[in-house]
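Those protein sequences? They're chains A and B, same order as listed. Numbering of the first sequence is given in numbering that gives the first Met the number 0, commencing with residue 0 and proceeding in unit increments. Numbering of the second sequence is given in numbering that gives the first Met the number 0, commencing with residue 0 and proceeding in unit increments. The beta-carbon is built from N, C-alpha and C at its ideal position, and this holds for glycine as well. Bear in mind the structure is a predicted one, so any value in this text is a computation, not a measurement.
There are 2 protein chains.
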Amino acid sequence: MATSSHKFDPNFTDNVINAIGPKASDRTRQVMGSLIRHIHDFAREVELTTEEWMMGVQFVNSIGQISTPIRNEGQRISDVIGLESLVDEMAHHIMMDSDEAPTSSSILGPFWSPNAPFRENGDSIVISPAPGGQVALMHGKVLDVLTKKPIAGAVVDIWQASSNGKYDFQDPENQEDNNLRGKFRTNEKGEYHFYCLHPTAYSLPTDGPAGELFTLLDRHPMRPAHIHLMRLKISHKDFKPVTNQIFPKGDKYLSTDTVFAVKDDLVVEFTPLKGNEKAELELEYNIRLAPKGTAPGKEGAKL
Amino acid sequence: MATSSHKFDPNFTDNVINAIGPKASDRTRQVMGSLIRHIHDFAREVELTTEEWMMGVQFVNSIGQISTPIRNEGQRISDVIGLESLVDEMAHHIMMDSDEAPTSSSILGPFWSPNAPFRENGDSIVISPAPGGQVALMHGKVLDVLTKKPIAGAVVDIWQASSNGKYDFQDPENQEDNNLRGKFRTNEKGEYHFYCLHPTAYSLPTDGPAGELFTLLDRHPMRPAHIHLMRLKISHKDFKPVTNQIFPKGDKYLSTDTVFAVKDDLVVEFTPLKGNEKAELELEYNIRLAPKGTAPGKEGAKL
């Protein structure tokens, strides 16, 4: 039986990466090669113990085990470590000659629904009662970031949690399907308006892996008070879609958003509204969109 | 509404790491800080797209979804990217003044069972029929790596797949519980011997995320032909436990083990055995153990 001193093999990581076969795409080789190298470097850097590694394995298993068609814990964990915000930043970072950037992007999050109905300008998305909720009139224009001209026929897709901090998905006892969701088309002047709620801060669900991670990291699970008030998903065939969140000014969690999604230009101010019996607050929010073709190609080959 | 150009924030990763609270342990801060930094660096390095990120999220979710108490897909994925072998290497790398290292460690893998029965020296672990399987007499001594003296009362825990490439867990139709598993105690001369099978190469299960990963990476799913023939789990109160795998010489997958667990001194040679009606092959395998206290402390704080 041969003996050897088993010095740590300096070629180990290269061997793993070089095992990627010739039929893998260049992009796969790039992405997976980098991922494998960083995971190995991480393990070596901290001298990851067997027990810590096994905790990690069990943690990864627990992510999928609690996930359902309406609960994407993988996305949530990704949010908690800032990855979704980082990827979003890269995806939507548009290098323009102009000093003015299009409305900045923010994370889509696990609560968007593809099924939100189209509604008419002036409608309310508050379908189910929201005890303690303050109704606000939200209105604004969608503008071309380059020409500053209004864009007619743009679609504003809005969704928000109710005054109890829950989305319709999570709260079927109190909320009808598509409560606090709706799509609105801008008119010929590029304008939209509808009634919604002043948003409410809430905790991410802590009954799963994200909760364990918050405990481990000694972090709170809160999105900025009133965060997710609303997010806008905007689509128009000639303009790049933008997803963002807007955050009422003054929220105590603005600087410690547990998913790291706050950007300065997404902080907005609700103002008192008088003479409108449907709402007590008002928010004007204009959205700038960049025409397609104004950004450097960042599509990236599919894995 | 404020406007800004949203240049990529150079403090983003530090902000995420600095969100770790004061009650987190130093080790948690070290491990999770490094992990977050490497994941962010990976994402920036490859400019991970939103679509690729979402593929990753769904992939992570799928790991737990297919896992069961007897199927640890998280561990398997970790194996496929070489992480278990790397962690194992670090955990068991014992810096000794002697040129001679204790029997090198290798990955435990998902098929070890805590319930394997004690058997007597001379017993067979082949309980259920193994069509095409060749029975081998395995024997050897357990030795103190420093003094070279035999160790009496050491426990050798062995498990292996059957001739169809499956473990008892995976093959209840053909195999009784604890087929091809057993624990043996060394006698006063440090000797053990028992009957087992010459091992058989096999594929990792490809009906889940590991299979997707093999396809993506254009890699085969094979453990070296006959790999996992047997692994030894050795315990003795005064010596460090060692887990390893031994690999028959000449296997065509030795250099491309899909979990990267082969080490030179774990390659062994079965020889023909004559005059024993119970077995047609023989394997002598001596095991060296390091006394406790001979390695640098690598326990690592619990996360």
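Should residue i be flagged as near chain A, meaning a C-beta pair shorter than 8 Å?
| i | result |
| --- | --- |
| residue 22/B | yes |
| residue 246/B | no |
| residue 41/B | yes |
| residue 281/B | no |
| residue 34/B | yes |
| residue 230/B | Interpretation of residue 230/B is limited by its pLDDT of 48, a score under 50 that renders its predicted location unreliable; no figure is taken from the coordinates. |
| residue 199/B | no |
| residue 209/B | no |
Taking residue i as the reference, which of the options has the closest Cα?
| i | options | result |
| --- | --- | --- |
| residue 156/A | 168/A, 138/A and 181/A | 181/A |
| residue 193/A | 170/A, 158/A and 204/A | 158/A |
| residue 208/B | 45/B, 79/B, 143/B and 68/B | 79/B |
| residue 135/B | 83/B, 259/B, 145/B and 124/B | 124/B |
| residue 35/A | 153/B, 82/B and 54/B | 82/B |
| residue 269/A | 238/A, 283/A, 258/A and 73/A | 283/A |
| residue 71/A | 28/B, 185/B, 55/B and 71/B | 55/B |
| residue 183/A | 201/A, 191/A and 176/A | 191/A |
| residue 253/A | 201/A, 128/A and 132/A | 201/A |
| residue 128/A | 89/A, 178/A and 266/A | 178/A |
| residue 11/B | 255/A, 171/A and 250/A | 255/A |
| residue 148/A | 154/A, 187/A and 167/A | 187/A |
| residue 26/B | 274/A, 51/A and 27/A | 51/A |
| residue 131/B | 61/B, 164/B and 238/B | 164/B |
| residue 372/B | 167/B, 223/B and 150/B | Residue 372/B lies beyond the range of chain B shown here (0 to 302); nothing can be said about it. |
| residue 154/B | 171/B, 185/B and 176/B | 185/B |
| residue 84/A | 141/A, 243/A and 171/A | 243/A |
Could you give the distance in angstroms between the alpha-carbon of residue i and the alpha-carbon of residue j?
| i | j | result |
| --- | --- | --- |
| residue 96/B | residue 75/B | Model confidence at residue 96/B stands at a pLDDT of 37, short of 50, so the residue's coordinates are unreliable and nothing is read from them. |
| residue 24/A | residue 291/B | 48 Å |
| residue 9/A | residue 38/A | 15 Å |
| residue 122/A | residue 137/A | 11 Å |
| residue 47/B | residue 20/A | 21 Å |
| residue 277/A | residue 196/A | 11 Å |
| residue 199/A | residue 262/B | 57 Å |
| residue 41/A | residue 221/A | 28 Å |
| residue 117/A | residue 169/A | 22 Å |
| residue 126/B | residue 189/B | 25 Å |
| residue 218/B | residue 16/A | 11 Å |
| residue 265/A | residue 89/A | 17 Å |
| residue 162/B | residue 210/B | 22 Å |
| residue 315/A | residue 73/A | Within the shown structure, residues of chain A are numbered from 0 to 302, placing residue 315/A beyond reach of any answer. |
| residue 86/B | residue 260/A | 34 Å |
| residue 33/A | residue 44/B | 8 Å |
| residue 139/B | residue 288/B | 13 Å |
| residue 60/A | residue 171/B | 24 Å |
Name, please, each residue of chain B whose Cβ falls closer than 9 Å to the Cβ of residue i.
| i | result |
| --- | --- |
| residue 10/A | Those within 9 Å of residue 10/A in chain B number zero; the least Cβ separation is about 11 Å. |
| residue 14/A | 81 and 259 |
What residues of chain A sit near residue i, judged by a beta carbon separation below 8 Å?
| i | result |
| --- | --- |
| residue 52/B | 77, 82, 83 and 86 |
| residue 60/B | 62, 63, 66, 71, 72 and 73 |
| residue 31/B | 215 and 216 |
| residue 137/B | Going along chain A, no residue has its Cβ under 8 Å from residue 137/B, so there is no contact; the nearest lies around 13 Å. |
Report yes or no: is there a C-beta of chain B within less than 8 Å of the C-beta of residue i?
| i | result |
| --- | --- |
| residue 164/A | no |
| residue 47/A | yes |
| residue 175/A | no |
| residue 225/A | Per-residue confidence for residue 225/A stands at a pLDDT of 43, beneath the threshold of 50, marking its modelled position as unreliable; no derived number is given. |
| residue 255/A | yes |
| residue 133/A | no |
| residue 37/A | yes |
| residue 205/A | no |
| residue 27/A | yes |
Identify the contact partners of residue i in chain B, using a Cβ-Cβ distance below 7 Å as the criterion.
| i | result |
| --- | --- |
| residue 269/A | Result: empty, since nearest Cβ-Cβ is about 13 Å, beyond 7 Å. |
| residue 44/A | 33 |
Which chain A residues sit within Cβ distance under 7 Å of residue i?
| i | result |
| --- | --- |
| residue 169/B | The contacting residues do not exist; residue 169/B stays about 18 Å from chain A at best. |
Give me the chain B residues within the contact set of residue i, using Cβ-Cβ distance strictly less than 8 Å, ordered along the chain.
| i | result |
| --- | --- |
| residue 19/A | 216, 217 and 218 |
| residue 56/A | 71, 73, 74 and 77 |
Can you name the residues of chain A whose CB is closer than 9 Å to the CB of residue i?
| i | result |
| --- | --- |
| residue 89/B | 7, 42, 43, 46, 47, 48 and 49 |
Would you check whether the ligand MG has a heavy atom nearer than 7 Å to the C-beta of residue i?
| i | result |
| --- | --- |
| residue 59/B | Among the components modelled here there is no ligand, and therefore nothing to report on the ligand MG. |
Exercise. Can you list, in chain order, the stretches of the beta strand (DSSP E) that have 3 or more residues and sit fully within the segment 110-146 of chain A?
Worked result: Fully enclosed beta strand (DSSP E) runs of no fewer than 3 residues occupy 134-143 of the segment 110-146 of chain A, in order along the chain.
Exercise. In the segment 171-251 of chain A, which residue ranges form an unbroken alpha helix (DSSP H) of at least 4 residues, counting only runs that do not cross its ends?
Worked result: Runs of the alpha helix (DSSP H) inside the segment 171-251 of chain A: 208-216.
For this session: Mind listing, in chain order, the continuous alpha helix (DSSP H) runs of no fewer than 4 residues lying wholly within the segment 7-73 of chain B?
Result: For the segment 7-73 of chain B, whole alpha helix (DSSP H) runs of length 4 or above, ordered along the chain, are 11-17, 25-44 and 49-65.
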